[in-house]
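Its first residue numbered -1, the sequence shown is counted upward by one per residue in the numbering used here.
Glycine is no exception: its CB is placed at the ideal position from the N, C-alpha and C atoms.
These figures come from a predicted structure and were not determined experimentally.
Everything on this sheet refers to the single structure shown next.
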Amino acid sequence: MSVSPYSPRHSTYKTLALTFLTVMSIGLVATLFFSQSFKRETVQELAEDHAQQQAEIIFRTIWHGMIKGWSREEMDSFLHSLEINTRDSKVQLIRTPVIDELFGTHKPSQHQLRTDLQLQQAIKAQHPMIYNQGGYMRYLYPILAEENCLGCHTNSAIGKVHGVLDIRFPDQHMQQSLDHTLNFYIVAIALTLIVLFSALFIIVRIRIVHPMRDLSRRIRAGIKEDLTVARIDPERYHLKESYTLANSFNQLAAELEEYHRQLKETSYLDTLTGLYNRRYFSEQMPNLLSKAKHSEQPCALMLLDLDRFKMINDELGHDAGDLALVHFAHVLQRQVKGNDLVIRLGGDEFVILLTNTNLAGVLAVKKNIEIGLIENIANLGKTKLFLEASIGYAIYPNDAIATEELLRKADEAMYNQKRNKRARRAS
(Lines of atoms letter the chains of each structure in order from A and count residues from 1; the text may use other names and numbers.)
(Lines give C-alpha, C1' and ligand atoms only; values in the text may rest on other atoms or scores of the structure.)
Protein backbone atom coordinates (compact mmCIF):
# COMPACT_ATOMS: atom_id res chain seq x y z
CA MET A 1 0.00 0.00 0.00
CA SER A 2 1.45 3.36 -0.97
CA VAL A 3 2.09 5.93 1.74
CA SER A 4 2.00 9.66 1.19
CA PRO A 5 5.53 11.14 1.14
CA TYR A 6 4.33 14.09 3.18
CA SER A 7 5.47 14.14 6.78
CA PRO A 8 4.98 16.83 9.43
CA ARG A 9 7.80 19.23 10.13
CA HIS A 10 8.34 17.90 13.63
CA SER A 11 7.54 14.55 15.17
CA THR A 12 5.71 14.33 18.49
CA TYR A 13 9.04 13.55 20.16
CA LYS A 14 10.72 16.66 18.73
CA THR A 15 7.69 18.81 19.47
CA LEU A 16 7.70 17.68 23.11
CA ALA A 17 11.44 18.24 23.35
CA LEU A 18 11.13 21.76 21.93
CA THR A 19 8.16 22.46 24.22
CA PHE A 20 10.04 21.32 27.31
CA LEU A 21 13.14 23.29 26.35
CA THR A 22 11.05 26.40 25.68
CA VAL A 23 9.14 26.14 28.96
CA MET A 24 12.33 25.44 30.89
CA SER A 25 14.10 28.40 29.24
CA ILE A 26 11.16 30.68 30.04
CA GLY A 27 11.22 29.40 33.61
CA LEU A 28 14.94 30.10 33.96
CA VAL A 29 14.63 33.57 32.39
CA ALA A 30 11.68 34.34 34.67
CA THR A 31 13.67 33.13 37.67
CA LEU A 32 16.60 35.38 36.74
CA PHE A 33 14.30 38.35 36.14
CA PHE A 34 12.43 37.99 39.41
CA SER A 35 15.64 37.29 41.31
CA GLN A 36 17.12 40.59 40.08
CA SER A 37 13.95 42.42 41.06
CA PHE A 38 13.96 40.66 44.41
CA LYS A 39 17.62 41.55 44.87
CA ARG A 40 17.00 45.26 44.27
CA GLU A 41 14.13 45.32 46.73
CA THR A 42 16.04 43.30 49.31
CA VAL A 43 19.16 45.48 49.04
CA GLN A 44 16.95 48.54 49.52
CA GLU A 45 15.29 47.05 52.61
CA LEU A 46 18.56 45.80 54.10
CA ALA A 47 20.26 49.12 53.48
CA GLU A 48 17.40 50.98 55.07
CA ASP A 49 17.40 48.72 58.12
CA HIS A 50 21.17 48.95 58.43
CA ALA A 51 21.18 52.74 58.07
CA GLN A 52 18.29 53.15 60.50
CA GLN A 53 20.06 51.06 63.14
CA GLN A 54 23.27 52.99 62.59
CA ALA A 55 21.44 56.31 62.75
CA GLU A 56 19.67 55.33 65.98
CA ILE A 57 22.98 54.36 67.59
CA ILE A 58 24.68 57.59 66.47
CA PHE A 59 21.73 59.70 67.58
CA ARG A 60 21.64 58.08 71.03
CA THR A 61 25.38 58.58 71.38
CA ILE A 62 25.07 62.25 70.37
CA TRP A 63 22.11 62.63 72.73
CA HIS A 64 24.09 61.31 75.68
CA GLY A 65 27.02 63.50 74.70
CA MET A 66 24.80 66.56 74.69
CA ILE A 67 23.48 65.63 78.11
CA LYS A 68 27.07 65.38 79.36
CA GLY A 69 27.77 68.79 77.82
CA TRP A 70 29.95 67.94 74.85
CA SER A 71 31.51 70.94 73.18
CA ARG A 72 31.33 71.55 69.45
CA GLU A 73 34.91 70.26 69.08
CA GLU A 74 34.05 67.03 70.91
CA MET A 75 30.98 66.53 68.73
CA ASP A 76 33.03 67.00 65.54
CA SER A 77 35.70 64.64 66.87
CA PHE A 78 33.07 61.97 67.51
CA LEU A 79 31.65 62.29 64.02
CA HIS A 80 35.15 62.19 62.51
CA SER A 81 35.90 58.98 64.43
CA LEU A 82 32.76 57.44 62.91
CA GLU A 83 34.05 58.14 59.41
CA ILE A 84 37.32 56.37 60.23
CA ASN A 85 35.70 53.34 61.90
CA THR A 86 33.12 52.73 59.16
CA ARG A 87 35.66 52.42 56.31
CA ASP A 88 33.82 53.51 53.13
CA SER A 89 30.91 55.05 55.00
CA LYS A 90 30.52 58.75 55.57
CA VAL A 91 28.58 60.20 58.50
CA GLN A 92 27.72 63.86 58.66
CA LEU A 93 25.56 65.88 61.05
CA ILE A 94 23.85 68.80 59.35
CA ARG A 95 22.52 71.51 61.68
CA THR A 96 19.41 73.50 61.04
CA PRO A 97 18.92 77.26 61.72
CA VAL A 98 17.24 76.41 65.07
CA ILE A 99 20.58 75.17 66.39
CA ASP A 100 22.55 77.96 64.70
CA GLU A 101 20.54 80.57 66.60
CA LEU A 102 21.91 79.23 69.93
CA PHE A 103 25.34 77.94 69.02
CA GLY A 104 26.43 80.04 66.05
CA THR A 105 26.30 79.62 62.33
CA HIS A 106 27.66 76.39 60.77
CA LYS A 107 28.47 77.42 57.21
CA PRO A 108 28.81 73.90 55.68
CA SER A 109 25.39 73.03 57.04
CA GLN A 110 23.88 76.26 55.73
CA HIS A 111 25.38 75.61 52.28
CA GLN A 112 23.96 72.09 52.13
CA LEU A 113 20.56 73.22 53.32
CA ARG A 114 20.42 75.66 50.41
CA THR A 115 21.74 73.34 47.66
CA ASP A 116 20.81 69.77 48.61
CA LEU A 117 17.31 68.93 47.37
CA GLN A 118 17.29 65.48 48.99
CA LEU A 119 18.16 67.06 52.31
CA GLN A 120 15.36 69.58 51.89
CA GLN A 121 12.90 66.76 51.16
CA ALA A 122 13.90 64.88 54.31
CA ILE A 123 13.51 68.00 56.50
CA LYS A 124 10.14 68.75 54.95
CA ALA A 125 8.93 65.17 55.32
CA GLN A 126 10.25 64.95 58.93
CA HIS A 127 10.92 61.22 58.59
CA PRO A 128 13.91 59.17 57.36
CA MET A 129 14.49 58.89 53.62
CA ILE A 130 16.86 56.66 51.62
CA TYR A 131 18.31 57.23 48.18
CA ASN A 132 20.35 55.08 45.80
CA GLN A 133 23.21 57.06 44.31
CA GLY A 134 25.05 54.85 41.83
CA GLY A 135 26.56 52.22 44.15
CA TYR A 136 26.07 54.25 47.31
CA MET A 137 23.10 54.39 49.61
CA ARG A 138 22.27 57.70 51.28
CA TYR A 139 20.19 57.65 54.43
CA LEU A 140 18.88 60.94 55.78
CA TYR A 141 17.66 60.75 59.38
CA PRO A 142 15.95 63.94 60.64
CA ILE A 143 16.50 64.64 64.36
CA LEU A 144 13.23 65.94 65.76
CA ALA A 145 12.89 67.96 68.96
CA GLU A 146 11.29 66.18 71.87
CA GLU A 147 9.90 67.61 75.10
CA ASN A 148 13.10 67.05 77.09
CA CYS A 149 15.02 69.00 74.41
CA LEU A 150 13.18 72.22 75.11
CA GLY A 151 15.03 72.83 78.38
CA CYS A 152 18.17 73.74 76.48
CA HIS A 153 16.67 74.68 73.12
CA THR A 154 14.27 77.33 74.25
CA ASN A 155 13.82 78.66 70.72
CA SER A 156 12.47 75.33 69.45
CA ALA A 157 9.24 73.38 69.65
CA ILE A 158 8.28 69.72 69.75
CA GLY A 159 8.65 68.15 66.28
CA LYS A 160 10.99 70.76 64.85
CA VAL A 161 14.00 69.45 62.94
CA HIS A 162 17.21 70.25 64.86
CA GLY A 163 19.46 68.48 62.44
CA VAL A 164 19.83 65.65 59.94
CA LEU A 165 22.16 62.68 60.16
CA ASP A 166 23.50 62.10 56.64
CA ILE A 167 24.83 58.54 56.38
CA ARG A 168 26.34 57.34 53.13
CA PHE A 169 27.67 53.82 52.57
CA PRO A 170 28.34 51.55 49.58
CA ASP A 171 25.83 48.79 48.83
CA GLN A 172 28.53 46.67 47.19
CA HIS A 173 29.05 44.41 50.22
CA MET A 174 25.33 43.82 50.60
CA GLN A 175 24.96 43.07 46.89
CA GLN A 176 27.89 40.65 46.91
CA SER A 177 26.51 38.77 49.89
CA LEU A 178 23.02 38.74 48.40
CA ASP A 179 24.37 37.76 44.96
CA HIS A 180 26.12 34.78 46.52
CA THR A 181 22.90 33.66 48.22
CA LEU A 182 20.70 34.32 45.20
CA ASN A 183 23.11 32.61 42.81
CA PHE A 184 23.01 29.55 45.02
CA TYR A 185 19.22 29.50 44.94
CA ILE A 186 19.10 30.24 41.19
CA VAL A 187 21.42 27.32 40.47
CA ALA A 188 19.36 25.13 42.81
CA ILE A 189 16.12 26.20 41.09
CA ALA A 190 17.66 25.69 37.64
CA LEU A 191 18.88 22.22 38.53
CA THR A 192 15.50 21.39 40.05
CA LEU A 193 13.72 22.59 36.90
CA ILE A 194 16.09 20.58 34.71
CA VAL A 195 15.57 17.44 36.79
CA LEU A 196 11.79 17.91 36.93
CA PHE A 197 11.40 18.66 33.23
CA SER A 198 13.78 15.85 32.29
CA ALA A 199 11.81 13.43 34.45
CA LEU A 200 8.53 14.72 33.01
CA PHE A 201 9.93 14.48 29.49
CA ILE A 202 11.03 10.87 30.06
CA ILE A 203 7.64 9.98 31.56
CA VAL A 204 5.77 11.61 28.65
CA ARG A 205 8.07 9.90 26.16
CA ILE A 206 7.56 6.47 27.74
CA ARG A 207 3.85 6.81 28.54
CA ILE A 208 2.64 8.81 25.52
CA VAL A 209 5.14 9.10 22.66
CA HIS A 210 6.27 5.45 22.61
CA PRO A 211 2.71 4.04 22.75
CA MET A 212 1.59 6.45 20.03
CA ARG A 213 4.54 5.46 17.83
CA ASP A 214 3.82 1.80 18.50
CA LEU A 215 0.16 2.34 17.64
CA SER A 216 1.08 4.19 14.45
CA ARG A 217 3.49 1.41 13.45
CA ARG A 218 0.88 -1.26 14.08
CA ILE A 219 -1.72 0.66 12.08
CA ARG A 220 0.66 0.94 9.11
CA ALA A 221 1.65 -2.71 9.38
CA GLY A 222 -1.96 -3.82 9.82
CA ILE A 223 -3.24 -2.53 6.48
CA LYS A 224 -2.56 -5.20 3.85
CA GLU A 225 -2.42 -4.93 0.07
CA ASP A 226 -5.82 -6.60 -0.24
CA LEU A 227 -7.29 -4.02 2.19
CA THR A 228 -7.73 -6.55 4.97
CA VAL A 229 -6.75 -5.01 8.30
CA ALA A 230 -5.06 -6.69 11.25
CA ARG A 231 -6.62 -5.82 14.57
CA ILE A 232 -4.76 -4.06 17.40
CA ASP A 233 -5.01 -5.23 21.00
CA PRO A 234 -6.16 -2.12 22.94
CA GLU A 235 -5.14 -3.73 26.24
CA ARG A 236 -1.51 -2.98 25.34
CA TYR A 237 -2.12 0.70 26.02
CA HIS A 238 -2.62 2.10 29.51
CA LEU A 239 -3.60 5.64 28.60
CA LYS A 240 -7.28 6.17 27.92
CA GLU A 241 -6.61 8.12 24.70
CA SER A 242 -4.39 5.38 23.19
CA TYR A 243 -6.84 2.70 24.31
CA THR A 244 -9.74 4.59 22.72
CA LEU A 245 -7.75 5.22 19.54
CA ALA A 246 -6.92 1.51 19.21
CA ASN A 247 -10.60 0.60 19.69
CA SER A 248 -11.63 3.24 17.16
CA PHE A 249 -9.10 1.87 14.67
CA ASN A 250 -10.46 -1.67 15.15
CA GLN A 251 -13.99 -0.42 14.59
CA LEU A 252 -12.90 1.49 11.49
CA ALA A 253 -11.04 -1.60 10.25
CA ALA A 254 -14.16 -3.73 10.65
CA GLU A 255 -16.25 -1.16 8.78
CA LEU A 256 -13.59 -0.91 6.05
CA GLU A 257 -13.46 -4.67 5.61
CA GLU A 258 -17.25 -4.92 5.47
CA TYR A 259 -17.37 -2.09 2.93
CA HIS A 260 -14.62 -3.74 0.92
CA ARG A 261 -16.44 -7.09 1.08
CA GLN A 262 -19.64 -5.50 -0.14
CA LEU A 263 -17.79 -3.60 -2.86
CA LYS A 264 -15.96 -6.72 -3.97
CA GLU A 265 -19.17 -8.75 -3.90
CA THR A 266 -20.92 -6.09 -5.97
CA SER A 267 -18.08 -6.13 -8.49
CA TYR A 268 -18.62 -9.91 -8.89
CA LEU A 269 -22.35 -9.63 -9.60
CA ASP A 270 -24.23 -9.14 -12.84
CA THR A 271 -26.54 -6.18 -12.27
CA LEU A 272 -29.34 -7.52 -14.48
CA THR A 273 -29.72 -11.11 -13.27
CA GLY A 274 -28.03 -10.98 -9.87
CA LEU A 275 -25.79 -13.89 -10.91
CA TYR A 276 -22.02 -13.93 -10.63
CA ASN A 277 -20.23 -12.37 -13.60
CA ARG A 278 -17.25 -13.20 -15.83
CA ARG A 279 -14.77 -11.65 -13.39
CA TYR A 280 -15.93 -13.99 -10.63
CA PHE A 281 -15.76 -16.91 -13.06
CA SER A 282 -12.15 -16.06 -13.93
CA GLU A 283 -11.16 -15.97 -10.25
CA GLN A 284 -13.09 -19.07 -9.16
CA MET A 285 -12.18 -21.51 -11.93
CA PRO A 286 -8.58 -22.02 -10.73
CA ASN A 287 -9.89 -22.71 -7.20
CA LEU A 288 -12.49 -25.14 -8.51
CA LEU A 289 -9.94 -27.06 -10.56
CA SER A 290 -7.42 -27.08 -7.70
CA LYS A 291 -9.99 -28.54 -5.27
CA ALA A 292 -11.02 -31.15 -7.86
CA LYS A 293 -7.38 -32.12 -8.35
CA HIS A 294 -6.66 -32.51 -4.63
CA SER A 295 -9.92 -34.38 -3.95
CA GLU A 296 -9.54 -36.47 -7.12
CA GLN A 297 -13.22 -35.82 -7.83
CA PRO A 298 -14.53 -34.76 -11.25
CA CYS A 299 -16.20 -31.43 -11.89
CA ALA A 300 -18.06 -30.10 -14.88
CA LEU A 301 -18.45 -26.88 -16.81
CA MET A 302 -21.74 -26.33 -18.64
CA LEU A 303 -22.04 -23.58 -21.25
CA LEU A 304 -25.57 -22.39 -22.11
CA ASP A 305 -26.85 -20.03 -24.79
CA LEU A 306 -30.45 -18.89 -25.35
CA ASP A 307 -31.84 -19.84 -28.73
CA ARG A 308 -33.19 -17.10 -31.02
CA PHE A 309 -32.23 -14.41 -28.46
CA LYS A 310 -31.36 -11.95 -31.25
CA MET A 311 -34.86 -12.35 -32.66
CA ILE A 312 -36.40 -11.57 -29.24
CA ASN A 313 -34.30 -8.41 -28.96
CA ASP A 314 -34.99 -7.29 -32.53
CA GLU A 315 -38.72 -8.03 -32.67
CA LEU A 316 -39.83 -7.53 -29.05
CA GLY A 317 -37.29 -4.96 -27.92
CA HIS A 318 -34.40 -4.91 -25.49
CA ASP A 319 -36.67 -4.80 -22.44
CA ALA A 320 -38.17 -8.09 -23.50
CA GLY A 321 -34.65 -9.41 -24.06
CA ASP A 322 -33.68 -8.42 -20.51
CA LEU A 323 -36.80 -10.15 -19.12
CA ALA A 324 -35.87 -13.28 -21.07
CA LEU A 325 -32.38 -13.29 -19.53
CA VAL A 326 -33.76 -12.82 -16.01
CA HIS A 327 -36.28 -15.66 -16.52
CA PHE A 328 -33.55 -17.93 -17.87
CA ALA A 329 -31.32 -17.12 -14.86
CA HIS A 330 -34.11 -18.07 -12.44
CA VAL A 331 -34.68 -21.40 -14.20
CA LEU A 332 -30.95 -22.19 -14.03
CA GLN A 333 -30.65 -21.31 -10.35
CA ARG A 334 -33.46 -23.70 -9.45
CA GLN A 335 -31.63 -26.64 -11.05
CA VAL A 336 -28.30 -26.46 -9.20
CA LYS A 337 -27.16 -27.61 -5.76
CA GLY A 338 -25.89 -25.35 -3.00
CA ASN A 339 -22.18 -25.59 -3.93
CA ASP A 340 -22.75 -25.23 -7.67
CA LEU A 341 -22.51 -21.85 -9.37
CA VAL A 342 -24.55 -20.18 -12.10
CA ILE A 343 -22.64 -17.41 -13.90
CA ARG A 344 -23.57 -15.01 -16.67
CA LEU A 345 -20.55 -14.54 -18.92
CA GLY A 346 -22.21 -11.80 -20.94
CA GLY A 347 -25.04 -11.34 -23.43
CA ASP A 348 -27.12 -14.54 -23.51
CA GLU A 349 -24.18 -16.77 -22.56
CA PHE A 350 -24.26 -18.53 -19.18
CA VAL A 351 -22.00 -21.01 -17.35
CA ILE A 352 -22.82 -23.57 -14.66
CA LEU A 353 -19.96 -24.95 -12.56
CA LEU A 354 -20.77 -28.32 -11.01
CA THR A 355 -18.57 -29.74 -8.25
CA ASN A 356 -18.12 -33.48 -7.61
CA THR A 357 -20.16 -34.23 -10.73
CA ASN A 358 -19.60 -36.90 -13.38
CA LEU A 359 -21.23 -37.37 -16.80
CA ALA A 360 -24.44 -38.79 -15.37
CA GLY A 361 -24.78 -35.80 -13.06
CA VAL A 362 -24.23 -33.36 -15.93
CA LEU A 363 -26.84 -35.04 -18.09
CA ALA A 364 -29.32 -34.98 -15.19
CA VAL A 365 -28.83 -31.23 -14.71
CA LYS A 366 -29.13 -30.69 -18.49
CA LYS A 367 -32.41 -32.56 -18.59
CA ASN A 368 -33.78 -30.65 -15.56
CA ILE A 369 -32.96 -27.34 -17.26
CA GLU A 370 -34.77 -28.37 -20.46
CA ILE A 371 -37.79 -29.46 -18.42
CA GLY A 372 -37.69 -26.24 -16.42
CA LEU A 373 -37.79 -24.16 -19.61
CA ILE A 374 -40.74 -26.21 -20.93
CA GLU A 375 -42.69 -25.97 -17.69
CA ASN A 376 -42.09 -22.24 -17.08
CA ILE A 377 -43.28 -19.82 -19.72
CA ALA A 378 -41.38 -16.51 -19.84
CA ASN A 379 -43.33 -13.31 -19.31
CA LEU A 380 -41.71 -10.78 -21.61
CA GLY A 381 -44.09 -7.93 -20.96
CA LYS A 382 -46.61 -7.85 -23.79
CA THR A 383 -45.65 -11.33 -24.92
CA LYS A 384 -45.30 -14.72 -23.24
CA LEU A 385 -43.31 -17.53 -24.79
CA PHE A 386 -41.33 -20.62 -23.95
CA LEU A 387 -37.57 -20.21 -24.08
CA GLU A 388 -35.12 -22.76 -25.45
CA ALA A 389 -31.39 -23.06 -24.85
CA SER A 390 -28.45 -24.85 -26.36
CA ILE A 391 -26.26 -26.58 -23.79
CA GLY A 392 -22.72 -27.84 -24.07
CA TYR A 393 -20.48 -29.29 -21.39
CA ALA A 394 -17.00 -30.54 -20.59
CA ILE A 395 -15.85 -32.66 -17.64
CA TYR A 396 -12.60 -32.35 -15.68
CA PRO A 397 -10.31 -34.23 -16.02
CA ASN A 398 -11.73 -36.49 -18.74
CA ASP A 399 -12.26 -33.80 -21.37
CA ALA A 400 -9.68 -31.21 -20.29
CA ILE A 401 -7.71 -30.00 -17.27
CA ALA A 402 -7.44 -26.26 -18.02
CA THR A 403 -10.13 -23.57 -17.97
CA GLU A 404 -9.59 -22.48 -21.58
CA GLU A 405 -9.74 -26.01 -22.88
CA LEU A 406 -12.86 -26.84 -20.86
CA LEU A 407 -14.57 -23.70 -22.22
CA ARG A 408 -13.54 -24.52 -25.77
CA LYS A 409 -14.90 -28.04 -25.64
CA ALA A 410 -18.12 -26.96 -23.94
CA ASP A 411 -18.51 -24.24 -26.56
CA GLU A 412 -18.04 -26.78 -29.38
CA ALA A 413 -20.63 -29.07 -27.86
CA MET A 414 -23.09 -26.20 -27.40
CA TYR A 415 -22.77 -25.02 -31.00
CA ASN A 416 -23.10 -28.58 -32.26
CA GLN A 417 -26.42 -28.82 -30.45
CA LYS A 418 -27.45 -25.40 -31.84
CA ARG A 419 -26.59 -26.51 -35.41
CA ASN A 420 -28.50 -29.75 -34.95
CA LYS A 421 -31.59 -27.79 -33.81
CA ARG A 422 -31.38 -25.55 -36.87
CA ALA A 423 -31.03 -28.57 -39.11
CA ARG A 424 -34.09 -30.19 -37.58
CA ARG A 425 -36.12 -27.01 -38.02
CA ALA A 426 -34.97 -26.70 -41.62
CA SER A 427 -36.00 -30.28 -42.39
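{"query": "Would Arg229 be called buried (16 or more neighbouring beta carbons within 10 Å of its own) or exposed?", "result": "exposed"}
{"query": "Exposed or buried, Leu357, counting other C-beta atoms within 10 Å across all chains shown (16 or more means buried)?", "result": "exposed"}
{"query": "Return the residue from the list Ala197, Glu72 and Ile121 that minimises the CA-CA distance to Arg93.", "result": "Ile121"}
{"query": "May I have the straight-line CA-CA distance separating Glu145 from Ser154, to the nearest angstrom?", "result": "10 Å"}
{"query": "Take the Cβ of Phe167 as the centre, count every other Cβ of all protein chains shown within 10 Å, and call the residue buried at 16 or more, exposed below.", "result": "buried"}
{"query": "Can you tell me whether DSSP reads Pro168 as helix, strand or coil?", "result": "strand"}
{"query": "Determine the extent of the beta strand (DSSP E) in which Val89 is found, giving its start and end residues.", "result": "Lys88 to Arg93"}
{"query": "Please report the residue range of the beta strand (DSSP E) in which Arg332 lies.", "result": "Counting along the chain, Arg332 falls outside any beta strand (DSSP E), and DSSP gives it neither H nor E."}
{"query": "Touching or not, the segment 374 to 390 and the segment 292 to 306, by the rule of three or more beta carbon pairs under 8 Å?", "result": "yes"}
{"query": "Mind checking who Met300 pairs with in its DSSP beta bridge?", "result": "Ile350 and Tyr391"}
{"query": "Does the segment 287 to 298 come close enough to the segment 347 to 361 to have 3 or more Cβ pairs within less than 8 Å?", "result": "yes"}
{"query": "Does the distance from the C-beta atom of Val363 to that of Gln331 stay below 8 Å?", "result": "no"}
{"query": "What residue does the alpha helix (DSSP H) around Leu287 start on, and which one ends it?", "result": "Arg276 to Ser293"}
{"query": "Are Leu142 and Val162 close, meaning C-beta to C-beta below 8 Å?", "result": "no"}
{"query": "Could you have a look at Pro140 and say whether DSSP puts it in helix, strand or coil?", "result": "strand"}
{"query": "Okay, do the segment 251 to 260 and the segment 312 to 322 touch, 3+ Cβ pairs below 8 Å being the bar?", "result": "no"}
{"query": "Which of the three DSSP states, helix, strand or coil, is assigned to Tyr129?", "result": "strand"}
{"query": "Just how far apart, CA to CA, sit Arg58 and Leu189?", "result": "48 Å"}
{"query": "Does the Cβ-Cβ distance between Gln124 and Val159 come in under 8 Å?", "result": "yes"}
{"query": "So, Tyr274 versus Leu339, is the Cβ gap smaller than 8 Å?", "result": "yes"}
{"query": "Within 10 angstroms of its Cβ, does His325 collect 16 or more other Cβ (buried), or is it exposed?", "result": "buried"}
{"query": "For Arg205, name the three-state secondary structure that DSSP assigns.", "result": "helix"}
{"query": "Anyone know if the C-beta pair for Leu378 and Leu321 falls short of 8 Å?", "result": "yes"}
{"query": "Quick one: is Met283 buried, meaning 16 or more other Cβ sit within 10 Å of its Cβ, or exposed?", "result": "buried"}
{"query": "Output needed for Pro232: all residues of its chain with C-beta closer than 6 Å, excluding positions within five of it in sequence on either side, in chain order.", "result": "Tyr241, Ala244 and Asn245"}
{"query": "Gln52: buried (16+ other C-beta within 10 angstroms of its C-beta) or exposed?", "result": "buried"}
{"query": "Would you call the CB atoms of Leu191 and Ser33 closer than 8 Å?", "result": "no"}
{"query": "Using a Cβ-Cβ cutoff of less than 8 Å, which residues in the same chain neighbour Ala398 once the five nearest sequence positions on both sides are dropped?", "result": "Ala392, Leu404, Arg406 and Lys407"}
{"query": "Quick check: what's the CA-CA separation for Asp305 versus Leu385?", "result": "7 Å"}
{"query": "Roughly how many angstroms lie between the CA atoms of Ala424 and Gln415, to the nearest whole one?", "result": "14 Å"}
{"query": "Where does the unbroken beta strand (DSSP E) through Ile341 begin, and where does it stop?", "result": "Leu339 to Gly344"}
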